[in-house]
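Engineer: In the working numbering, the protein residues as written are 68 to 137.
Virtual Cβ for every residue (Gly too), placed ideally from N, Cα, C.
Given the structure is predicted, the values throughout are model-derived calculations rather than measurements.
Dropping the structure in here first, questions after.
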């Protein structure tokens, strides 16, 4: 999701925790939101919250990411 949005070389940091299992056949939905944008070392960086939920609403992965954006 992040790489599709910002490009393959854009990911600067990704930290996640796995909070529930996903089993074969489970439908999942990835999501994220930009929480801040800042300049650092000449790069424009977007700080994001990211997650992966099962179709029943159970959050299975939660974390943060930093991506370089144009």
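From the DSSP output, which residues share a beta bridge with residue 120?
Structural biologist: The partner list for residue 120 (beta bridge, DSSP) reads 96 and 126.
Engineer: So, are the CB atoms of residue 111 and residue 117 less than 8 Å apart?
Structural biologist: No, the Cβ-Cβ distance between residue 111 and residue 117 is not below 8 Å.
Engineer: With C-beta atoms as the reference, is residue 11 less than 8 Å away from residue 93?
Structural biologist: No information on residue 11 is available, as it lies outside the stretch 68 to 137 that the chain covers here.
Engineer: Would DSSP call residue 103 helix, strand or coil?
Structural biologist: Residue state, collapsed to three classes: strand.
Engineer: To the nearest angstrom, how far is the alpha carbon of residue 106 from that of residue 99?
Structural biologist: Approximately 20 Å, taken between the alpha carbons.
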